[in-house]
Amino acid sequence: MEGATAAEAHPTMGVKIFSAGLAACVADVITFPLDTAKVRQQIQGECPNSGAPKYKGVLRTVITVAKTEGPLKLYNGLPAGLQRQISSASLRIGLYDTAREYFTEGRETNLGGKILAGLTTGGVSVFIGQPTEVAKVRLQAQSHLYGPKPRYTGTYNAYRIIVTTEGLSGLWKGTTPNLARNVTINCTELVAYDIMKDTLVKNEILADDLPCHFMSAVFAGFCATLLSSPMDVVKTRFVNSTPGQYKSAHNCAMTMFIKEGPSAFFKGLLPSFLRLASWNVIMYVSFEKLKRELMKSGQPVDGAT
């Protein structure tokens, strides 16, 4: 049998990890203002008398931050966000296919194996990328116009102050709620994308191309946002909290429920969906394209004879 070309061959693990990390960074740069809007809405209500502006609606939140603090404030914490994508998204997305093949034993219809793969890669990525998540959220949450004086002047200043004031463990603050959130998002997002894409392609509704990737990514973003919102809000509040403000993530959740009611767990739902859906579309479309282009640029791959 003639050797298959690199473009026809399945992408290697290295290609998938590199493509996932780069695609995630591209998606983060484009959608970061939506992420900042989500964080600002999620922490709203913690300090009712702080004099902070009231954020209402996605566009109004973005405009309020840009007008009162400057457009660049929408990108506060971006370096930490990109570090998170490189250290976390590259693994949770890039290793998913390998983990899925291991757990499904080659059976594409094995839903349980796909879920296990999402849980595994999501869990591993949290432990590796948690310090970047802590720095990112705190930088996004702080304002130089309202409330207390900003705690950090930049990403590396945040890492240094967190370690010196809270210890090394401070960089892993909120790991439990973030683990629950990330595992839920990763599992839902990847499995939903996988299932939707397979359904569209196998039923010949769409070819394995841009429209298919777009629809699958939007569907995955909607499912992931809806299921992960409560954990996402608790994660943001707890990670952003000062030492001693909450005893634990559970205490943070209970305080939210008592003071603000059940609706507090869905604060920032719309910007969260818009951000995650658009992030998914950009990331998955870029990811699929990068994989193909990288394999095209490689050498022919020998086939079985």
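Residue numbers (this note's numbering): 1209 to 1513.
Glycine included, each C-beta is placed from N, C-alpha and C at the ideal position.
Residue range of the unbroken alpha helix (DSSP H) whose run includes residue i
i, result
"residue 1389", "1383-1410"
"residue 1248", "1221-1251"
"residue 1459", "1457-1468"
"residue 1366", "1363-1374"
"residue 1279", "Counting along the chain, residue 1279 falls outside any alpha helix (DSSP H), and DSSP gives it neither H nor E."
"residue 1337", "1319-1349"
"residue 1479", "1477-1504"
"residue 1448", "1418-1448"
"residue 1413", "Premise fails: residue 1413 is in no alpha helix (DSSP H) and is neither H nor E."
"residue 1291", "1286-1292"
"residue 1299", "1298-1302"
Candidates the options, of which the one nearest residue i by Cα
i, options, result
"residue 1477", "1444, 1358, 1434, 1496", "1434"
"residue 1390", "1286, 1327, 1285", "1327"
"residue 1490", "1454, 1479, 1387, 1423", "1423"
"residue 1308", "1321, 1297, 1296", "1321"
"residue 1470", "1438, 1497, 1446", "1438"
"residue 1274", "1242, 1407, 1323", "1242"
"residue 1361", "1298, 1285, 1313", "1285"
"residue 1372", "1383, 1382, 1384, 1359", "1359"
"residue 1480", "1221, 1220, 1219, 1249", "1249"
"residue 1428", "1396, 1411, 1238, 1498", "1396"
"residue 1473", "1453, 1441, 1458", "1441"
"residue 1158", "1447, 1237, 1500", "Nothing in the structure corresponds to residue 1158, since the chain is present only between 1209 and 1513."
"residue 1300", "1332, 1409, 1310, 1497", "1332"
"residue 1425", "1409, 1444, 1405", "1405"
"residue 1368", "1357, 1382, 1324, 1340", "1340"
"residue 1351", "1223, 1492, 1505, 1272", "1272"
"residue 1236", "1304, 1488, 1505", "1488"
"residue 1492", "1443, 1410, 1398, 1505", "1398"
"residue 1443", "1455, 1497, 1409, 1381", "1381"
"residue 1262", "1281, 1484, 1505, 1475", "1475"
Proximity of residue i and residue j at Cβ, strictly below 8 Å
i, j, result
"residue 1288", "residue 1270", "no"
"residue 1231", "residue 1486", "no"
"residue 1349", "residue 1251", "yes"
"residue 1266", "residue 1482", "yes"
"residue 1302", "residue 1403", "no"
"residue 1329", "residue 1394", "yes"
"residue 1388", "residue 1431", "no"
"residue 1377", "residue 1337", "no"
"residue 1297", "residue 1229", "yes"
"residue 1407", "residue 1457", "no"
"residue 1445", "residue 1462", "no"
"residue 1311", "residue 1324", "yes"
"residue 1240", "residue 1304", "no"
Buried or exposed by the 16-neighbour rule on C-beta atoms within 10 Å, applied to residue i
i, result
"residue 1419", "exposed"
"residue 1364", "exposed"
"residue 1279", "exposed"
"residue 1171", "The requested residue 1171 is not part of the displayed model; the chain covers only 1209 to 1513."
"residue 1503", "buried"
"residue 1415", "exposed"
"residue 1292", "buried"
"residue 1346", "buried"
"residue 1413", "exposed"
"residue 1233", "buried"
"residue 1450", "exposed"
"residue 1501", "exposed"
"residue 1221", "exposed"
"residue 1508", "Low per-residue confidence applies at residue 1508: pLDDT is 41, beneath 50, and the placement is therefore not dependable, though the value from the model is reported in the following sentence. By the 10 Å Cβ count, residue 1508 comes out exposed."
"residue 1466", "exposed"
"residue 1499", "buried"
"residue 1417", "exposed"
"residue 1452", "exposed"
"residue 1436", "buried"
"residue 1264", "exposed"
"residue 1319", "exposed"
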